[in-house]
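J.: In the UniProt record's numbering, the protein residues as written are 1 to 721. Virtual Cβ for every residue (Gly too), placed ideally from N, Cα, C.
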């Protein structure tokens, strides 16, 4: 089929002015252009969009030679000054305007202004998708994702707009050439407006007052209509191209929020976790990694955004917030996740993130990686769960009691009424062997087999689809870690499990352990930390609490040397002893703001009393044993050059104690940064679970105690870091 030649004219926004017989001035909102040549003077008046190129040349017959006229027109088109004018017969129809929660007056005003603006724009190019505009009072309206899907099914582009209130929400533009994951967009908005999302779920609209507080009534509608007109004309502005923009009608400030990165495929071998050789390239601050922190940082920073990110912001804590001079600690605001203990309309529980390190970049990466970890372990959608009882699954299943390790007596008594901090003292309910609960398959690195584990103990804040026995279970973060690779995440998760087990054996049994000679490491960071605390009349000590796993685990403590009180703690664990010590000291710096914040919180009376009253005399396990300190030369570096080798070493150490290592890949497709949960049934957690097992046996076997303590003799204070 032969196409009709297009009519041509000056591009929108260009005004042509003949200055002389040989000059034409083109005025735009940018720099002016002067065309030199008699041919341009002759063709300019004819470029009004009513003629084709051949018709322009024909109209100048006898005035301008044909080849010269074609050359002049071709050059004007090549420079973008002259464009094809769309055929009105093929014009894209007017946008379809829908409204949800917006008053009829606002809709009418918007429609009138949109029509007026479109009249000033050239018609959209042929092939431009017709546009559906959804006017909303709030992006938390449940219809947003459905309307976007309906527009896509109809072959239409889609543009949501919320021009009510003081701040207008604009975009994103979604079209055949500009795809966007609108359900993910909605999920991120809900994450960052969690309390409002709870009200939206309950139908409590309008969520915010509609008054504009001094903003001219038509201003935001005009801004929204201008964006819509550009999209309808096929000229999508940057503000809504791959982004959502918020425009403040009072200040005129605009903030652009890029859409979340596209989802990536994960769990192609679920539940099997395939680990591969992963050589290291970074061996210092914070641990061994496949790359230095400055290479990791960009892949994490893209998730920082107050509207569409999983981390609303990140900031460095300063000295007035408890951070020691010279130390680096970063934090991010609490993320909000589902909780079954809050009222339904405010069903959210806070999960913050913080990071530590000897350097600024490492501390920042540590904080962001923890935020990614926390977000990932809060998500249950997409996980292949099944419902069954322990009896139905048989010996392959890992029963809840093997993971949470609370004693029968504790479960019978339930959670103490004075449990503080509440999340550490909470005692789960009993799950009978014939009670159906939800399970997810973990992968055994020890035996290369599937082991079903309770889903409620793997996903933080998990809400079962229906009431059942797993409603009594709560997940914790022990064993969860993020990393540049899944191998790195698994290693860090295992080290955390080993660290928490060592802490539990030492803390709840209150076993004094030998100290470490920090000077023997000749480490400038250790020396600087000693000096900084010494300047405040505080003594820094590191205690070796390594267990039968044989993986170096350390506790860094400080106290006021004048009173023996004001005790603060940090913990660390690593195959390289110096890194274990460094992690403990870095965490001590990281936790100083935490201790300062707790002292100002309402509640937490048990913890605050311990912080105020505990001394070296009352807590002898927080003081190194008398006698020689352990020197650097006495400690064996077990690290390897490949992370896979270190994972296999850790798994072998656990297997030698008849402990099985399980892994669950919790990498989220909308994040793409690897996250793993490592579970070693039998190893203890920070929570005060006093079931029989290692907590009683290992301290005696290692010579820490002469006899096992009875349950009632255990430290009643939950370990609180």
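#1: Can you have a look at residue 631 and say buried or exposed, based on whether 16 or more other CB atoms are within 10 angstroms of its CB?
#2: Classify residue 406 as buried or exposed, calling it buried when 16 or more other Cβ atoms lie within 10 Å of its own Cβ.
#3: Could you name the residues of the same chain whose beta carbon sits closer than 8 angstroms to that of residue 615, not counting the 5 residues immediately before and after it, in chain order?
#4: Among the candidates 150, 548, 546 and 555, whose CA atom is the shortest distance from the CA of residue 540?
#5: With a CB to CB cut of under 6 angstroms and the five nearest residues on each side skipped, what residues in its chain are close to residue 638?
#6: Please state if the CB of residue 303 and the CB of residue 377 are separated by a distance shorter than 8 angstroms.
#7: Closer than 8 angstroms is the cut-off here; do at least three beta carbon pairs connect the region 680-696 with the region 504-513?
#8: For residue 301, which three-state DSSP category applies?
#9: Name the residue from 45, 548, 182 and 262 whose alpha carbon lies nearest to the alpha carbon of residue 683.
#10: Roughly how far, in whole angstroms, is the beta-carbon of residue 124 from the beta-carbon of residue 234, given that I think they are within contact range, below 8 angstroms?
#11: State buried or exposed for residue 493, treating a residue as buried only when at least 16 other CB atoms are found within 10 Å of its CB.
#12: Contact between the region 243-250 and the region 162-172: three or more CB pairs below 8 angstroms?
#13: Quick check on DSSP: helix, strand or coil for residue 106?
#14: Mind reading off the beta-carbon distance from residue 60 to residue 77? Whole number of angstroms is fine, and I expect it under 8 angstroms.
#15: In whole angstroms, what separates the C-alpha of residue 314 from that of residue 257?
#16: To test your reading of the DSSP string, which unbroken alpha helix (DSSP H) runs of 4 or more residues are found completely within the region 645-712?
#17: What's the C-alpha gap between residue 624 and residue 287?
#18: Less than 8 angstroms separating the beta-carbons of residue 244 and residue 307?
#19: Is DSSP giving residue 454 helix, strand or coil here?
#20: Label residue 557 either buried or exposed according to how many other C-beta atoms from any shown protein chain fall within 10 Å of its C-beta, with 16 as the threshold for buried.
#21: Do residue 296 and residue 365 come within 8 angstroms of each other at the CB atom, strictly closer than that value?
#22: Return the chain-ordered list of same chain residues with a C-beta closer than 8 angstroms to the C-beta of residue 447, the five sequence neighbours on each side being excluded.
#23: Could you tell me which uninterrupted alpha helix (DSSP H) segments, each at least 4 residues in length, are contained entirely in the region 560-644, listed from first to last along the chain?
#24: In whole angstroms, what is the alpha-carbon distance linking residue 49 and residue 82?
#25: Give the DSSP bridge partners of residue 487, in chain order.
#26: If I measure Cβ to Cβ from residue 107 and keep anything under 8 angstroms in the same chain, skipping five residues before and after, which residues do I get?
#27: Expressed to the nearest angstrom, what Euclidean distance is found between the alpha-carbon atoms of residue 402 and residue 709?
#28: Tell me whether residue 686 is buried or exposed, calling it buried when 16 or more other Cβ atoms sit within 10 Å of its Cβ.
#29: Determine whether the beta carbon atoms of residue 171 and residue 159 lie at a separation below 8 angstroms.
#30: Of the choices 471, 496, 479 and 305, whose alpha-carbon is the least far from that of residue 455?
#31: In its own chain, which residues sit with a C-beta less than 7 angstroms from the C-beta of residue 391, not counting the 5 before and 5 after it?
#32: Let me make sure I understand the geometry here. Which of 598, 355, 514 and 272 has the alpha-carbon closest to that of residue 622?
#33: Under the assumption that residue 552 contacts residue 593 (Cβ atoms under 8 angstroms), give the Cβ distance between them as a whole number of angstroms.
#34: Given a threshold of 16 other Cβ atoms within 10 Å of its Cβ, counted over all protein chains shown, does residue 679 qualify as buried or as exposed?
#35: Report the rounded CA-to-CA distance for residue 39 versus residue 12, giving the unit in angstroms.
#36: Short check: CB of residue 133 to CB of residue 228, under 8 angstroms?
T.: According to the data block:
#1: In summary, residue 631 is exposed, with fewer than 16 beta-carbon neighbours lying within 10 Å of its beta-carbon over all protein chains present.
#2: Under this definition residue 406 is a buried residue.
#3: If we look at residue 615 and ignore the five residues flanking it on each side, its Cβ neighbours are 559, 563, 564, 565 and 567.
#4: Residue 555 is the option with its Cα nearest to residue 540.
#5: Contacts found: 575.
#6: Going by C-beta atoms, residue 377 is not nearer than 8 angstroms to residue 303.
#7: Contact between the region 680-696 and the region 504-513 is present: 3 or more CB-CB pairs across the two stretches fall below 8 angstroms.
#8: Three-state DSSP puts residue 301 in a helix.
#9: The shortest Cα separation from residue 683 among 45, 548, 182 and 262 belongs to 548.
#10: Right, the Cβ-Cβ distance comes to about 4 angstroms (below 8 angstroms), so this counts as a contact.
#11: Flag for residue 493 reads buried.
#12: The answer is yes - the region 162-172 touches the region 243-250, with three or more Cβ pairs under 8 angstroms.
#13: When secondary structure is reduced to three states using DSSP, residue 106 falls in the helix class.
#14: With a Cβ gap of about 16 angstroms, residue 60 and residue 77 do not count as contacting.
#15: When only Cα atoms are considered, residue 314 and residue 257 end up about 16 angstroms apart.
#16: If one requires a minimum length of 4 residues, the alpha helix (DSSP H) runs lying completely within the region 645-712 are 694-701, in chain order.
#17: Their Cα atoms are separated by approximately 25 angstroms.
#18: Contact flag set, yes.
#19: In the structure shown, residue 454 sits in a strand (DSSP, three-state: E or B).
#20: Buried: at least 16 other Cβ atoms inside 10 Å.
#21: In this structure, residue 365 sits near residue 296, with a CB-CB distance shorter than 8 angstroms.
#22: Cβ within range, chain order: 660.
#23: Counting only unbroken stretches of 4 or more residues, the alpha helix (DSSP H) elements lying wholly within the region 560-644 are 577-598 and 605-613, in sequence order.
#24: Computed Cα separation, rounded: 10 angstroms.
#25: The partner list for residue 487 (beta bridge, DSSP) is empty, contrary to what the question assumes.
#26: Only residues of its own chain outside the window of five on either side were considered, and among them 97, 99 and 135 have a CB closer than 8 angstroms to the CB of residue 107, listed in chain order.
#27: For residue 402 and residue 709, the distance between alpha carbons rounds to 20 angstroms.
#28: Residue burial is scored here from C-beta neighbours: residue 686 has at least 16 other C-beta atoms within 10 angstroms and is therefore classed as buried.
#29: If you check the CB distance, residue 171 and residue 159 come in under 8 angstroms.
#30: Answer by Cα proximity: 471.
#31: Cβ neighbours of residue 391 beyond the five flanking positions: 433 and 434.
#32: Comparing Cα positions, the closest option is 514.
#33: At roughly 26 angstroms, the Cβ-Cβ gap does not stay under 8 angstroms, so residue 552 and residue 593 are not in contact.
#34: Buried, by the Cβ-count rule.
#35: When the Cα atoms are used, residue 39 and residue 12 turn out to be separated by approximately 22 angstroms.
#36: Going by beta carbons, residue 133 and residue 228 fall inside the 8 angstroms limit.
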